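This report refers to the structure that appears directly beneath it.
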């Protein structure tokens, strides 16, 4: 299953990743790569 992941940088410089198809599924990281790894872990459980 493929899911769209949205990544934006917040005002503190952290990257916030969200999966719009999964309400409440959010994660963050100091880099885009870290945020992406964290959100993948959150989705996979």
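In the numbering used here, the protein residues as written are 201 to 245. Note that CB positions come from ideal geometry on N, CA and C, so glycine has one too. The structure displayed is predicted, hence computed values, not measured ones.
Asked, Found
"Considering only DSSP beta bridges, list what residue 245 is partnered with.", "Paired residues: none, contrary to the question."
"Using the three-state DSSP reduction, which class does residue 236 fall into: helix, strand or coil?", "helix"
"Does DSSP put residue 205 in a helix, a strand or coil?", "coil"
"Assuming contact is defined by CB atoms lying nearer than 8 Å, are residue 221 and residue 203 in contact in what I supplied?", "yes"
"How long is the line joining the alpha carbons of residue 225 and residue 234, rounded to whole angstroms?", "15 Å"
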